[in-house]
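Everything below concerns the one structure shown next.
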Amino acid sequence: MQQNLDETFETHDVATTSAKYRRFKGDHGEGVISAAIAVLIMAFLGAAMWVGFQQMWKTTEATTNDKITQIGSE
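Using the numbering used here, the first residue of the sequence shown is number 1120, and each one after it goes up by one.
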């Protein structure tokens, strides 16, 4: 009877170890993928901010030039 219990525990330990191995094996590279997604999101946000900044700069430049011309013509 004692021998059967020992074999059961040994089998259980192997099954648990192999289940843990499969779980960790499936998560392999998960951090790299998450980091790549975060980098892509930040790149798109940066590009959108740059386009917005360029548009704002052009508008500000045009308004400033108009005001300078208006002040200079008075």
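Positions of the beta carbon are idealized from the N, C-alpha and C atoms, including for glycine. None of these values were measured; they are calculated from a predicted model.
Please state whether DSSP places residue i in a helix, a strand or coil.
i: GLY1165; result: helix
i: VAL1191; result: Before going on, a small fix: residue 1191 reads as Gly here, not Val. Three-state result, GLY1191: helix.
i: GLY1171; result: helix
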